[in-house]
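Residue numbers (numbering that gives the first Met the number 0), protein chains in the order written: chain F, 0 to 595; chain Z, 0 to 74.
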Amino acid sequence: MFGYTGKILRVNLTEGTFKTEALDHEMAKKFIGGRGLGTKMMMDEVDPKVDPLSPENKLFVVTGPMTGNPVATGGRYMVVTKSPLSNTIASSNSGGKWGAELKFAGWDIIAFEGKSAEPVYLSIEDDKVELLSAADLWGTTVSSTTKKLQEKHADGSKVLTIGPGGENLSHIAAIMNDEDRAAGRSGVGAVMGSKNLKAIVVKGSGKPDVPDQDRVKELNKKQLAKIKENGVTGEGLPTYGTAVLVNILNELGSLPTNNFLESQFAEADETSGETLADKYLTKRTACYRCPIGCGRYVKVGDWEGGGPEYETLWSFGADCGISDMESIIMANHWCNEMGIDTISAGATIAAAIELHQKGYIKDDELDGLKLEFGNGTDITEWVKRMGYAQGLGAKMAEGSYRLADGYGVPEFSMTVKKLEMPAYDPRGIMGIGLNYATSNRGGCHVRGYTISPEVLGLPEQLDRFDTKTKPTWVKIFQDLTASIDSLGVCLFTSFALGADDYADMYNVIAGTEFTGSDILAIGDRIYNIEKQFNLLAGVTSAEDTLPKRLLEDPISEGPSKGWVNKLDEMLGEYYKERGWGEDGIPTEAKLKELGL
Amino acid sequence: MIKIEVRYFATLRIDGKKKETLEVQEDTSVKTLLDQIGVSLEDVAILLVNGIRTPPENKLKDGDTVSLFPPVGGG
């Protein structure tokens with residue numbers, strides 16, 4: 000079968016041993032790769048009740064069949080494990096160039112098990128695989144580790160690493176690659192840290208083979224044209240990056256502000272993509288084979304590096320009431336250096352500010368630092384303290400749920416299944432609320448990005464307040480996304496491409512014969528196996544909900560004034576759409592239909 | 000005459016102009032307003048009146064805010 004290398008590298012960190020296994024191609028066709036195949040391996044090999052930070056948890060780094068292959072955005076990989084933050088299945092996706100390099104080295108998947116006695120890193124140079132001491136890397140930042148490993152190893156080596164956040168087992172720690180790309184969500188960095196695994200440096204000399212070069216050329220011609228002609232992927236994202244959403248969501252009155260106490264930020268424009276482009280942007284950056292190039296390089300004073308995405312501009316901006324762009328840019332940079340998730344970090348600071356404002360966090364816990372809405376002075380210092388687990392920062396490094404729960408008020412945490420929600424207030428956009436509530440990894444927008452039809456009008460415009468049509472849309476978006484995440488391409492291509500296009504990609508690269516409907520059906524299978532994992536882990540459908548604030552406290556001002564999220568009108572219908580029981584549990588018939 | 004605030008975003012911000020307040024005839028439609036300010040409907044992907052998606056043929060009323068975005072997106 001084309002598209003895959005056919006090889007899995009299994010690393011036992013306890014024993015310091017390696018094993019090469021053959022990829023099961025029939026299994027690959029059922030779960031594609033990436034998120035799907037990783038979850039299937041977790042289900043087969045790990046007890047879902049496992050303590051996520053114990054040696055018995057496993058960590059799978061999984062490419063997709065498109066990764067490293069000549070298709071648009073074909074460079075992504077997925078980290079699949081059990082999340083210490085949410086106790087659900089975790090699958091965190093990242094771009095950059097690292098994933099493609101792993102494929103060039105001849106590997107589809109790395110499966111880590113056990114725990115090393117001492118800090119180590121894994122070096123891969125094609126078939127030459129070694130575990131080496133990370134004693135001199137432990138405690139260093141992401142950029143420092145990356146540079147040291149690139150100096151030591153072959154030219155062109157790519158580095159994936161955790162920062163101090165993962166080493167200190169922060170529940171919101173990310174896994175970073177290529178310095179500023181992140182498998183950011185669900186605390187996957189802490190799982191890596193719990194195994195005493197600091198980094199993976201990889202260099203490959205191979206090139207994937209394809210069944211028919213002419214068909215690949217034809218496919219690329221067609222799909223690149225669609226991506227170029229689409230207003231979002233052809234112009235909006237290249238020009239402004241994701242940051243352009245700040246003003247849109249603010250104009251709708253659905254930009255969560257001050258820890259979701261409000262939904263419009265008076266100074267939003269100062270934190271917008273337009274301001275970023277006008278004052279700070281130095282160049283665009285792109286991941287492997289990406290024709291969109293949404294990445295931003297920015298400059299503040301003498302410092303220049305990766306700039307903030309929309310979500311980060313929001314989490315450290317509106318959600319903390321902060322309009323100081325330079326503070327936000329540097330907070331983003333230090334999240335990258337510490338290896339912590341920018342959404343969860345900013346949102347946790349926002350929750351901490353509210354806890355402080357309402358008297359739960361006392362002044363003597365602040366160590367003289369500012370912690371107030373609208374004051375960006377010390378947010379970078381809070382990020383560092385989260386990464387290094389110092390003082391109040393150590394409590395914040397556990398994420399907002401555990402922080403607020405520690406003060407007896409978990410309702411101040413704006414999370415679903417303990418994962419911080421991103422930058423769309425679901426009181427003003429009904430479908431995204433249903434998606435947050437039913438996302439298998441918790442409060443996440445990129446499990447079913449209904450912002451596309453509800454706000455951006457793609458592929459068609461939906462009424463954002465309507466609840467009737469949303470269960471159907473959420474399910475379709477969730478299923479398609481599960482397949483895209485498994486193929487190894489970027490979700491942003493879905494602004495321009497549909498299920499049939501992804502089937503074409505898979506067929507041309509891997510030699511399969513799937514239809515768009517098959518792609519959606521595989522996504523459905525992946526969604527159901529994730530749900531099964533969560534149920535077995537003890538995360539029940541009672542957690543398919545939203546914070547009380549979003550269900551009971553109407554938005555007080557602006558275009559979405561008076562609205563709460565009407566989850567109760569959508570959830571039952573959604574379960575029906577999924578073929579699940581009223582209790583939110585997949586039925587035997589449904590599982591049988593999906594071959595699970 | 001009625002007063003309308005027009006807000007421009009992304010590539011529709013020409014020469015750094017973020018917003019302006021205009022006086023137009025009563026019963027002016029959004030489409031007519033766009034013609035008057037020289038913005039083509041084809042260039043507008045998201046058209047909001049007071050934060051709500053609005054068809055261009057809708058009539059404006061005094062104090063309305065019109066927000067104009069080209070095709071943009073992200074995540």
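Don't be surprised by glycine CBs; every beta carbon is placed ideally from N, CA and C.
These figures come from a predicted structure and were not determined experimentally.
*Mind checking the stretch 234-252 of chain F against chain Z and listing, in chain order, the residues whose C-beta falls within less than 8 Å of any C-beta there?*
Glu234, Gly235, Leu236, Thr238, Tyr239, Gly240, Thr241, Ala242, Val243, Leu244, Asn246, Ile247, Glu250, Leu251 and Gly252
*Does the beta carbon of Asn57 of chain Z come closer than 9 Å to any beta carbon on chain F?*
Along the second sequence, read from residue 1 onward, the residue named residue 57 of chain Z stands at position 58. Output row for Asn57 of chain Z: interface = no.
*CB contact flag (Arg440 of chain F, Glu529 of chain F, <9 Å)*: Locating residue 440 of chain F in the first sequence gives position 441, where the first residue counts as 1. Locating residue 529 of chain F in the first sequence gives position 530, where the first residue counts as 1. Yes.
*Go through the stretch 91-123 of chain F residue by residue and report every complete run of the beta strand (DSSP E) that reaches 3 residues or more, in order.*
108-112
*Own chain residues within Cβ distance below 8 Å of Ala634 of chain F, not counting five before or after*: The requested residue 634 of chain F is not part of the displayed model; chain F covers only 0 to 595.
*Taking DSSP as the reference, what is the three-state secondary structure of Ala198 of chain F?*
Numbered from 1 along the first sequence, position 199 holds the residue referred to as residue 198 of chain F. Strand.
*Hey, quick one: how far does the beta strand (DSSP E) through Met413 of chain F stretch, first residue to last?*
Here residue 413 of chain F refers to the residue found at position 414 when the first sequence is read from its first residue. Premise fails: Met413 of chain F is in no beta strand (DSSP E) and is neither H nor E.
*Only counting runs of 4 or more residues, tell me where the alpha helix (DSSP H) segments fall wholly within the stretch 2-57 of chain Z, in order along the chain.*
29-36
*Find the residues of chain C that neighbour Val231 of chain F, judging by a C-beta separation of less than 7 Å, and give them in chain order.*
In the displayed structure, chain C is absent; the protein chains listed are F and Z.
_Whole-angstrom distance between Val231 of chain F and Ala588 of chain F, CA atom to CA atom_ = Here residue 588 of chain F is taken as the residue at index 589 of the first sequence, counted from 1. Here residue 231 of chain F is taken as the residue at index 232 of the first sequence, counted from 1. Distance between the alpha carbons of Ala588 of chain F and Val231 of chain F: 40 Å.
_Three-way DSSP call (helix, strand, coil) for Leu534 of chain F in this model_ = Residue mapping note: residue 534 of chain F aligns to position 535 of the first sequence, counting from 1. Here Leu534 of chain F sits in helix by DSSP.
*When you compare only the Cα positions, how much space is there between Leu566 of chain F and Thr471 of chain F?*
Indexing the first sequence from 1 puts residue 566 of chain F at position 567. Indexing the first sequence from 1 puts residue 471 of chain F at position 472. Each residue's Cα considered, the two are about 14 Å apart.
*asked:* Does His444 of chain F pass the burial test, meaning 16 or more other C-beta atoms within 10 Å, or should it be called exposed?
replied: Looking up residue 444 of chain F in the first sequence gives position 445. Label assigned to His444 of chain F: buried.
*asked:* Quick check on the DSSP output: the beta strand (DSSP E) that includes Met26 of chain F runs from which residue to which?
replied: In the first sequence, counting from the first residue as 1, residue 26 of chain F sits at position 27. Element bounds for Met26 of chain F: not the beta strand (DSSP E) but the alpha helix (DSSP H), His24 to Phe30.
*Between the stretch 516-523 of chain F and the stretch 248-255 of chain F, are three or more C-beta pairs nearer than 8 Å?*
no
*With Ser91 of chain F and Ile174 of chain F assumed to form a contact (beta carbons below 8 Å), what rounded beta-carbon distance in angstroms separates them?*
One-based indexing of the first sequence puts residue 91 of chain F at position 92. One-based indexing of the first sequence puts residue 174 of chain F at position 175. At roughly 7 Å, the Cβ-Cβ gap stays under 8 Å, so Ser91 of chain F and Ile174 of chain F are in contact.
*Asp424 of chain F classed as buried or exposed, judged by whether at least 16 other C-beta atoms fall within 10 angstroms*: Mapped onto the first sequence, residue 424 of chain F falls at position 425. It is buried - the Cβ of Asp424 of chain F has at least 16 other Cβ atoms within 10 Å.
*Which residues share a DSSP beta bridge with Phe59 of chain F?*
To locate residue 59 of chain F, count along the first sequence from 1; it is residue 60. According to DSSP, which records beta bridges pairwise, Phe59 of chain F is partnered with F:Val79 and F:Ala110.
*Cβ of Cys293 of chain F within 9 Å of any chain Z Cβ*: What you label residue 293 of chain F is simply residue 294 of the first sequence in a count that begins at 1. Chain Z contact via Cβ: present.
*asked:* Suppose the cutoff is 7 Å on Cβ atoms and the five residues either side in sequence are ignored; what does the same chain contact list for Leu593 of chain F look like?
replied: Start at 1 with the first residue of the first sequence, and residue 593 of chain F comes out as number 594. Answer for Leu593 of chain F: Asp523, Arg524 and Asn527, listed in chain order.
*Should the stretch 154-170 of chain F be called in touch with the stretch 323-342 of chain F, which here means at least 3 C-beta pairs below 8 Å?*
yes
*Using three-state DSSP, classify Ile88 of chain F as helix, strand or coil.*
Numbered from 1 along the first sequence, position 89 holds the residue referred to as residue 88 of chain F. Looking at Ile88 of chain F - three-state DSSP - the assignment turns out to be strand.
*Residues in its own chain within less than 7 Å of Glu20 of chain F by CB, not counting five upstream and five downstream?*
Your numbering for residue 20 of chain F matches position 21 in the first sequence. So the list reads Ile7 and Arg9, once near-sequence residues are dropped.
_Can you tell me where the beta strand (DSSP E) holding Leu130 of chain F begins and where it ends?_
Working through the first sequence from its first residue, we reach residue 130 of chain F at position 131. Note, Leu130 of chain F: beta strand (DSSP E), Lys127 to Ser132.
*Going by C-alpha distance, which of Z:Val48, Z:Lys60, Z:Asn57 and Z:Val38 is nearest Pro69 of chain Z?*
Residue 69 of chain Z sits at position 70 when you count from the first residue of the second sequence. Pro69 of chain Z has its Cα closest to that of Z:Val38, out of Z:Val48, Z:Lys60, Z:Asn57 and Z:Val38.
*Measure the beta-carbon distance from Lys394 of chain F to Leu84 of chain F and round it to whole angstroms, keeping in mind my assumption that it falls under 8 Å.*
The residue you call residue 394 of chain F lines up with position 395 of the first sequence. The residue you call residue 84 of chain F lines up with position 85 of the first sequence. Wrong, their Cβ atoms sit about 14 Å apart, outside the cutoff.
_Euclidean distance between Cα positions of Asp43 of chain F and Lys146 of chain F_ = Within the first sequence, residue 43 of chain F is the residue found at index 44, counting from 1. Within the first sequence, residue 146 of chain F is the residue found at index 147, counting from 1. When rounded, the distance between both Cα atoms is 37 Å.
*Give a yes or no on whether 9 Å exceeds the smallest Cβ distance from Thr10 of chain Z to chain F.*
Here residue 10 of chain Z refers to the residue found at position 11 when the second sequence is read from its first residue. It does: the Cβ of Thr10 of chain Z has a partner Cβ on chain F nearer than 9 Å.
*asked:* Contact defined as beta carbons within less than 8 Å: I believe Gly345 of chain F pairs with Asp318 of chain F. What is the distance between those atoms, to the nearest angstrom?
replied: Counting from one through the first sequence, the residue named residue 345 of chain F turns up at place 346. Counting from one through the first sequence, the residue named residue 318 of chain F turns up at place 319. The Cβ separation is near 6 Å, so the contact holds.
_Contact list for the stretch 428-456 of chain F against chain Z, Cβ threshold 8 Å_ = His444, Val445, Tyr448, Ile450, Ser451, Val454, Leu455 and Gly456
*Using 9 Å as the limit for Cβ to Cβ distance, is Ser39 of chain Z near chain F?*
What you label residue 39 of chain Z is simply residue 40 of the second sequence in a count that begins at 1. No, its Cβ sits nowhere closer than 9 Å to a Cβ of chain F.
*Of all the options F:Ser438, F:Ala436, F:Ala267 and F:Phe494, which has the alpha carbon lying nearest to the alpha carbon of Glu459 of chain F?*
In the first sequence, residue 459 of chain F corresponds to position 460, counting from 1. Among F:Ser438, F:Ala436, F:Ala267 and F:Phe494, the Cα nearest to that of Glu459 of chain F is on F:Phe494.
*Own chain residues within Cβ distance below 8 Å of Pro452 of chain F, not counting five before or after*: Locating residue 452 of chain F in the first sequence gives position 453, counting from the first residue. So the qualifying residues of the chain are Gly430, Pro458, Glu459, Gln460, Leu461 and Trp472.
*How many Å lie between Tyr296 of chain F and Thr140 of chain F at the Cα?*
What you label residue 296 of chain F is simply residue 297 of the first sequence in a count that begins at 1. What you label residue 140 of chain F is simply residue 141 of the first sequence in a count that begins at 1. Distance between the alpha carbons of Tyr296 of chain F and Thr140 of chain F: 19 Å.
*Do you know whose CA, among F:Val128, F:Gly95 and F:Asp268, lies nearest Ala242 of chain F's CA?*
Position 243 of the first sequence, counting from 1, holds the residue named residue 242 of chain F. If we check each option's Cα against that of Ala242 of chain F, F:Asp268 comes out closest.
_How far does the beta strand (DSSP E) with Asn434 of chain F in it extend, from its first residue to its last?_
Within the first sequence, numbered from 1, the residue matching residue 434 of chain F stands at position 435. From DSSP, Asn434 of chain F is part of no beta strand (DSSP E) but of the alpha helix (DSSP H) over Met429 to Thr437.
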